[in-house]
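A.B. asks: Numbering (our numbering), first residue to last: 2 to 455. From the three backbone atoms N, C-alpha and C, an ideal C-beta is built for every residue, glycine too. Once you've had a glance at the structure underneath, I'll fire off some questions.
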Amino acid sequence: MRDTTAGGGVFGNREYRHLFAAQVVALAGTGLATVALGLLAYELAGARAGAVLGTALAIKMVAYVTIAPIAGACADRLPRRGFLVGLDLVRAAVVLALPFVTEIWQVYLLIFVLQSASAAFTPTFQAVLPDILPDEKQYTRALSASSLASSMETLLSPLLAAVLLGVFSFHWLFGGTAAGFLVSALLVVTSRVPRAKPNERTGVLDRIASGTRIFLATPRLRAVLALDLAVAGAGAVVMVNTVNYVHDVLGLADAEVAILLAANGAGTIVVALALPKVLDRLAERTVMTAGALVLCAGVAGALGLSLVDGSWAPSLVVWALLGAGAALVLTPVGRVLRRSTAESDRPAVFAAQFSLSHACWLLSYPIAGWGVTAFGFTAGWVALGVLAAGGTVAAFALWPRHDPEVLTHVHFDVPAEHVADAERTADGGWRHAHAFTIDALHRRWPDTAAVPAR
Ligand SMILES: [Zn+2]
């Protein structure tokens, strides 16, 4: 997967290879630890699986939404290698503390600490990338690979846990996970991470907000946000409801839970592998909105299955569709973010995508967990279907069909060197055209209807 999604050249860089491996190992460990913690909570409380898992995943998303932007904003003020190693050690310590846990609240507290460390790791890691990969193309590939890895963690860790739990007891899983974090720390220690060059923005709050502001001011990024909602709405069916669906609706056992999650993971992986070639020929808008339609079809299929009390073979197809649709939407996100931002704003915008997409999951997990537990599969999945369909419709509406990089626009109050190539307009402005991104000189998206291209 790495070579096709990230391009060959990036992995020739030793520092990047080590850091990326550290991120992937730590992501896999965090995913496994989350599932294992959910099972421990289940063992302690004897509560229903859906509610416990819904709570655990909601805590995860709260940590991601609150911690990640703060870490992203502070990342270039800390000794970054030490910080990354510390985050691995915190996570290893959390996992090693688990045998001593006796109360359910302790489990939820540990999930919060674990996920906070994980949420801080990814933006810090991404902030390091431009310093070890000065070539802009390589940096962008690396950033895309990293954000893809963290999306895939959300999609694939239940599958990985289901497979491993089929082989090991979850107490062994804890040991393996702690070892994984130590390996990740070792990989960071053995790489050279240069000290940060602070950028020109000073206030931390300003920097937290800047990524989101660019996101909300750029039409195609608003569409990405709507697509995040579609992914979260449809994905929660798989993440939260698979266990109960297999047991309560299909009347099958844990082995079939693993198989159904594997069907979903297979859909994701196949698409993620095939997509880089497809993206050379098709526009991102086409691929990503098609993915959203696949997600809607998947939720509709799940809804149909809930009405006929389930059926095994169609369930496999529906779960694979849900995996494929998510990959169609998420794989090109890195390219879209890259195309939509100036180089210096990329870390802020990737951090914003990280937080905003997790905020969408924060909306869908409670519906899938508590909503389905209280009102049943059909009602809960209708609500998730509304999220998915709403996100899809919004994405079609928000993303202009004609979406060129170069836009003609008019300036009124900018430094003379920026408008050196411009021509005067009747109302005293300067009109010119160039590859357009929201930045300090371009705070609003130009109204292309009012400024006809020449
Ligand atoms: Zn301009």
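1. Please report the residue range of the beta strand (DSSP E) in which T409 lies.
2. Of the residues N14, E285, S341, which one's Cα is nearest the Cα of Q139?
3. What is the C-beta distance between L357 and T213, in whole angstroms, given that I count them as a contact (C-beta under 8 Å)?
4. Can you give me the C-alpha to C-alpha distance between W400 and T191, rounded to a whole angstrom?
5. Look up A421 in the DSSP assignment and say whether it is helix, strand or coil.
6. Would you report the Cα separation of F21 and L134, rounded to the nearest angstrom?
7. Between the beta-carbon of G299 and the beta-carbon of A235, is there less than 9 Å?
8. For L317, which residues in the same chain have their Cβ closer than 8 Å to its Cβ, ignoring the five residues on either side in sequence?
9. For R193, collect the residues of the same chain with a Cβ closer than 6 Å to its Cβ; drop the 5 residues on either side in sequence, then sort them by chain order.
10. Give the straight-line distance between the Cα atoms of R81 and P131, rounded to the nearest whole angstrom.
11. List the endpoints of the continuous beta strand (DSSP E) containing A434.
12. In whole angstroms, what is the alpha-carbon distance linking G252 and A52?
13. Between the beta-carbon of G30 and the beta-carbon of S185, is there less than 9 Å?
14. Going by Cα to Cα distance, which pick from R223, F84, E154 is closest to S341?
15. Output the distance between the C-alpha atoms of S307 and V250, rounded to the nearest integer angstrom.
16. Would you give the residue range spanned by the alpha helix (DSSP H) that F84 belongs to?
17. By how many angstroms is the C-alpha of M240 removed from the C-alpha of T269?
18. Within the present structure, is the beta-carbon of V407 separated from the nearest heavy atom of ligand 1 by less than 8 Å?
19. Would you check if the distance between the CB atom of L226 and the CB atom of C75 is smaller than 9 Å?
20. Of the residues E104, R286, G181, which one's Cα is nearest the Cα of A23?
21. State yes or no: is the C-beta of F437 nearer than 8 Å to some heavy atom of ligand 1?
22. Can you find a heavy atom of ligand 1 that lies under 8 Å from the Cβ of H410?
23. Would you mind stating whether A34 and R92 have Cβ atoms separated by less than 9 Å?
24. Could you pull out every residue in the same chain whose Cβ sits closer than 7 Å to the Cβ of R425, ignoring the five residues on either side in sequence?
25. CB-CB under 8 Å to G204, same chain, minus the five flanking residues each way: which ones, in chain order?
26. Ligand 1 and V168: does any heavy atom of the ligand fall closer than 8 Å to the residue's C-beta?
27. For E104, which of helix, strand or coil comes out of DSSP?
28. Skipping 5 residues on each side, what residues in its chain have a beta carbon closer than 6 Å to that of A434?
29. Within 10 angstroms of its Cβ, does K278 collect 16 or more other Cβ (buried), or is it exposed?
30. By Cβ distance, which residues of its chain are closer than 7 Å to F126, with the 5 residues on each side in sequence left out?
31. Quick check: what's the CA-CA separation for E104 versus P315?
32. In angstroms with no decimal places, state the Cα-to-Cα distance between A291 and A64.
33. Tell me whether V66 counts as near ligand 2, meaning its Cβ is closer than 8 Å to at least one heavy atom of that ligand.
34. May I have the straight-line CA-CA distance separating R339 from L280, to the nearest angstrom?
35. Might you give, ordered along the chain, the residues of its own chain that have their beta carbon closer than 6 Å to the beta carbon of F273, omitting 5 neighbours on each side?
C.D. replies: In terms of the structure at hand:
1. 407-412
2. N14
3. 7 Å
4. 43 Å
5. coil
6. 12 Å
7. yes
8. I260, L261, A264
9. E16
10. 13 Å
11. 431-436
12. 19 Å
13. yes
14. R223
15. 8 Å
16. 81-98
17. 13 Å
18. no
19. no
20. G181
21. yes
22. yes
23. yes
24. W431
25. Since pLDDT at G204 reaches only 46, below the 50 mark, its modelled position is unreliable, and the value read off the structure follows with that caveat. Closer than 8 Å at Cβ, skipping near neighbours: no residue.
26. no
27. coil
28. V407, T409
29. exposed
30. L20, Q24, L85, S147
31. 40 Å
32. 31 Å
33. Ligand 2 is absent from the structure shown, which contains only ligand 1.
34. 14 Å
35. First, the amino acid is wrong: residue 273 is Ala here, not Phe. The residues are A328, T332.
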